[in-house]
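Protein chains in written order, with the UniProt record's numbering: chain A, 1 to 324; chain B, 1 to 332. We put the CB at the ideal spot given by N, CA and C, even for glycine. Take a look at the structure below.
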């Protein structure tokens, strides 16, 4: 029994760690897509930010400067995406895919030239990373069964960016639903004509949305290389940008449901990691292959059965051209 | 030291002249998905061929495969351009080598970690289970909790062979030890996923493991980092990885792919390339464990004595380590 509780708690702690980049990316995608800009390049922006953050943190010895570098490059790529899609009315998907391919190649090439480790960046010293924060009383309370370990491992003991990610969900929710900017953001994704008629610049609004998207993917990328790991490894985003995009659609372009979808993906991933080789009471040892297929099976089941129709913002992917 | 360098330099010059006269000797190597700087398997090969290059003064062609479809193309391209021998790295290149070796019967091929039965191919395989046995002994003796962990890369028989040897060694040193095993995934991306490697390792630590052995290519970097963060021991693989985190890297299980790669080029340059099987175990110095200035404080005299004894017993045949790949079973 105690073993089972231990596994449950370490699974939840793993869920929090694995979900963090997904949540940040899902919020990033939400800002962009709510304004009408499809963003398939979450993956590429996150990867670029991971690379730059690790490189900058190594050179300067500061995780914070690394974070700044990661955000800058991601915002830069967002502006590139915006320049193609907003200013020049290009196809959003094509521009996004182009960014993904560009980043996937460029990070490795530049990594080889700058660091001579085959596209990896040198391992960061502890001072140049975001390290786990231990909350007060975590040690003392850990004696209490269930609640103690839960507090010590699931609530406490993560790095700053994890807490930032969850805080940003609340901020996103507030911005999108409670502020004037949020109202306009949602309107421009549904009906840009109406926004334009009201005398608000569609172009400027959308540029601001993709810049916020860049900031958030920048934090996500920094998390991968400076907090969760201690170096950049090629292709280290490993498709998480796409999963975040799927989670956002799962959550129907709303912040809290999108976060829950991210937590679900993270949980399934953490379960598949912890359950390998564990003997479950009454079931026995579950084959590795089944565990690894579990997230995909559940995704299909949930998509087919429980998630209703997901309706995208109406003007998504449509370039806005003023009538003349 | 200087004298040796000069001698080697002189030999290199002479050799360059000789080889220029003898026609052109153009070796080639095709690295696999981890890339030549994976600090592990591919990097070992890179070190071996670089040593050959600096000693013999002969340049080699190289290619780093970045997706599965490139293997056959890269190997064929090397053969078409007149490279000889062509060295393929990793089990996954087996089918490609087999196909291209049939198309170019006059070119010599060599492959590490796979058996390809062709008259112009040398297949180099290692007794990884013997080297893993030795680090298993060390792991069990270093563990205070009586639980040791294994993190594999892609779930293939070769990696299970590492796991099985490790488990046998651990049980040999301490019959009560518990071995917890995890595989990163079942696709080639499992060789390059340090985030997942770190999560698997944290999961094992939560279950009481305090020494973890990773045979997972680039994924291992995440495993060693997680161990260093938690202040627990990790064991490296293929190349000597002790320097990555001095103080928490207990040792590394060595697989001398560098020597194997060097020997392929060296013997070919002397016209002594031998096709067929080439099995390298403890007795041949093909596998082993690493002891250097980074981990000498972690290895007690008692541990060293035990592992030396085990090594002698394996070479003498007193201990027979079960090879997972011989019958796809592990009884430990």
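In its chain, beyond the 5 residues on either side, 26, 107, 108 have a beta carbon closer than 7 angstroms to the beta carbon of residue 84 of chain B. Assigned with DSSP and collapsed to three states, residue 174 of chain A falls in helix. For the set A:168, A:303, A:25, A:313, the Cα lying nearest the Cα of residue 186 of chain A is the one of A:313. By the CB criterion at 8 angstroms, residue 198 of chain B and residue 229 of chain A fall inside the cutoff. Going by C-alpha positions, residue 171 of chain A is about 59 angstroms away from residue 262 of chain B. Counting along the chain, the unbroken beta strand (DSSP E) around residue 238 of chain B starts and ends at 233-238. Using a CB distance below 8 angstroms, the part of the stretch 180-197 of chain B facing chain A consists of 180, 181, 182, 183, 185, 186, 189, 192, 193, 194, 195, 196, ordered along the chain. Of the residues B:193, B:272, B:278, B:239, the one whose Cα lies closest to the Cα of residue 292 of chain B is B:239. Chain-ordered, the chain B residues with CB closer than 8 angstroms to the CB of residue 6 of chain A read 206, 207.
Our two residues, residue 170 of chain B and residue 101 of chain B, have alpha carbons roughly 41 angstroms apart in a direct line. Check the Cα spacing between residue 224 of chain A and each of A:117, A:65, A:8, A:70: the tightest is with A:70.
Under DSSP, residue 64 of chain A forms no beta bridge with any residue.
Proximity of residue 241 of chain B to chain A, defined by a Cβ-Cβ separation below 8 angstroms, is not satisfied. Taking the CA atoms as reference points, residue 130 of chain B sits about 22 angstroms from residue 122 of chain B. Approximately 6 angstroms separates the beta-carbon atoms of residue 210 of chain B and residue 144 of chain B; this is inside 8 angstroms, confirming the contact.
Shown here, residue 25 of chain B sits in coil according to DSSP, grouped into three states, outside any helix or strand.
The residues 154, 158, 162, in chain order, have a CB closer than 7 angstroms to that of residue 16 of chain A in the same chain once the five nearest residues on each side in sequence are set aside.
Neighbourhood of residue 273 of chain A in chain B, by CB distance below 8 angstroms: 182, 196, 199, 200, 203, in chain order.
Among the residues facing chain B, residue 315 of chain A is not included, as its CB has no counterpart in that chain under 8 angstroms away. Boundaries of the alpha helix (DSSP H) around residue 110 of chain A: 92-115.
Counting along the chain, residue 68 of chain B sits inside no beta strand (DSSP E), nor does DSSP assign it H or E at all. For residue 122 of chain B, the enclosing beta strand (DSSP E) begins and ends at 121-126.
Spanning the alpha carbons of residue 45 of chain A and residue 222 of chain A requires a straight line of approximately 11 angstroms.
In the three-state scheme derived from DSSP, where H, G and I count as helix and E and B as strand, residue 51 of chain B is classed as helix.
By the criterion of a C-beta distance shorter than 7 angstroms, residue 263 of chain A is surrounded in its chain by 15, 19, once the five residues flanking it on both sides are discounted.
Secondary structure note for residue 260 of chain A: its alpha helix (DSSP H) is the uninterrupted segment 255-274.
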